[in-house]
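First residue of the sequence shown? That's 634 in the numbering used here, and the numbers climb one at a time after it. Ideal Cβ placement from N, Cα and C applies to all residues, glycine included. Encoded as structure tokens, the structure appears first; notes follow it.
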Amino acid sequence: RLRYDALAKQALEIGATAVATGHHRDDQAETLLLNLVRGSGPEGLAGMRPSRPLQEAPSVSLVRPLLDAGRDDIEAYAEAVSLPWRTDPTNRSLAYDRGVMRTEILPRLADHFDSVHDTLARSAALMREYVDQALRPALDGRMDEAFVECDPGGRLSLDALREEPPVWRRRLLLEALRRTLPSASYSRAVAEELDALVDAQVGRRVEVAEGTVWREREGLRFLPEKDHSKSLPPKSIECNESVSIPQGTLRVERCAERPASLDSESPYVAYADADRLGRDLTVRSWADGDRFRPLGLDGSKTVSDLLTEAQVPSHQRREVCVLCAAEHIAWVVGYRLDDRVRVRPETKHVVRLILRPNEKPSDHCQSS
């Protein structure tokens, strides 16, 4: 991986569109056997591809022009034309799996099976044909039905996953991972960890590589970033003051006179009775168990239930804050005012509560 990182960096620096490596037929035989003993599926048994985008620099192609040639043939040609080469001293080290395969296992196989490097490389080529001409088209067709691109990331339908047998369900999960988190590991263990989210509670998540997969109400949401949301500790805020919160900027301002209309077209604006709100105001992240009395409803409700009913995606919930009066929640910021601080006919002083939300990706998912 470090070598490919260095090659990608050099290619981008000089404006190269391709990087050529010296992988040959013998390397392909080793790769196939290594993937076999590691329990790889069809893609792993297809071995190395003659050409593919560099994961570290997708605009640059990684090409392997010598993949069909044997090591002995390459060395014989280099000697014939006086072409020098270097040998990596770690190539035959038994400290690495490939070194063990190269120096101990494949030579033993070659003693008993003729042309073993050729036959293993041919098997890899046949598996690539199967993957490219049968498996990939079938997988793409299923993904067209089950996966939608989002901004950012993507979403995989729970209904579609539940209709599939385990083998296809794992493939859909790993393909969604490949499309949204290309740096992730595509192992069976990762697939099974994601599969467990299908029947998990809404709000559960799995962190994979540099991203996060969330169990949402509509499906599994693949996000190309980790959950970096942090809890906001209680922060004091006074009238005619603004404070920064995870959702954006919260401002509390006194109205010079009672507004003609208290109905706001924006969920980011609410009006409250200044005297009932009081001066001892704090804003903080909501917490499990928080309850308030939603405006217009009898009784109380948990903030968690409110956000669930509002269909706030799980990966956005922890950003939501609550504005608190001395003894209770006054406003679930951007969502609902508490009935106890509503403006009444006898209210003398009114404050306007305003959220100026952060500018962020739209978090929009295309229709399937």
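With burial defined as no fewer than 16 other Cβ atoms inside 10 Å of the residue's Cβ, what is the status of residue i: buried or exposed?
| i | result |
| --- | --- |
| residue 691 | exposed |
| residue 1001 | Bear in mind that the predicted position of residue 1001 carries a pLDDT of just 48, short of 50, making it unreliable; the figure below should be weighed with that in mind. Answer is exposed; the Cβ neighbour count stays below 16. |
| residue 670 | exposed |
| residue 890 | exposed |
| residue 858 | exposed |
| residue 946 | buried |
| residue 1002 | With the chain covering only 634 through 1001, there is no way to say anything about residue 1002. |
| residue 685 | exposed |
| residue 849 | buried |
Below 7 angstroms, is the gap between the Cβ of residue i and the nearest heavy atom of the ligand ZN?
| i | result |
| --- | --- |
| residue 946 | Annotation note on the ligand ZN: not contained in the displayed structure, which lists no ligands. |
So residue i is in the beta strand (DSSP E); what residue range does that whole segment cover?
| i | result |
| --- | --- |
| residue 787 | 787-790 |
| residue 985 | 983-990 |
| residue 696 | 690-696 |
| residue 840 | 838-841 |
| residue 854 | 852-856 |
| residue 956 | 954-957 |
Got a sec, what are the start and stop residues for the alpha helix (DSSP H) residue i sits in?
| i | result |
| --- | --- |
| residue 720 | That residue, residue 720, is in no alpha helix (DSSP H); it is neither H nor E in DSSP. |
| residue 664 | 658-670 |
| residue 647 | 635-647 |
| residue 756 | 749-763 |
| residue 683 | Unbroken run through residue 683: none, as it is neither H nor E. |
| residue 741 | 739-745 |
| residue 778 | 769-779 |
State yes or no: is the C-beta of residue i within less than 8 angstroms of the C-beta of residue j?
| i | j | result |
| --- | --- | --- |
| residue 1013 | residue 662 | With the chain represented from 634 up to 1001, any question about residue 1013 goes unanswered, as that position is not in the structure. |
| residue 957 | residue 879 | no |
| residue 939 | residue 950 | no |
| residue 768 | residue 808 | no |
| residue 921 | residue 937 | yes |
| residue 928 | residue 971 | yes |
| residue 907 | residue 982 | yes |
| residue 901 | residue 987 | yes |
| residue 856 | residue 827 | no |
| residue 760 | residue 666 | no |
| residue 842 | residue 818 | yes |
| residue 637 | residue 687 | yes |
To test your reading of the DSSP string, which unbroken alpha helix (DSSP H) runs of 4 or more residues are found completely within the stretch 796-824?
799-813
In chain order, which continuous runs of the alpha helix (DSSP H) of length 4 or greater are located wholly inside the stretch 873-948?
907-910 and 936-942
Given 8 angstroms as the limit, is there contact between the stretch 709-728 and the stretch 669-688, that is, 3 or more CB pairs closer than that?
no
Okay, do the stretch 688-705 and the stretch 772-786 touch, 3+ Cβ pairs below 8 angstroms being the bar?
no
When you compare the stretch 825-839 with the stretch 785-803, are there three or more beta-carbon pairs, one atom per stretch, that lie closer than 8 angstroms?
yes
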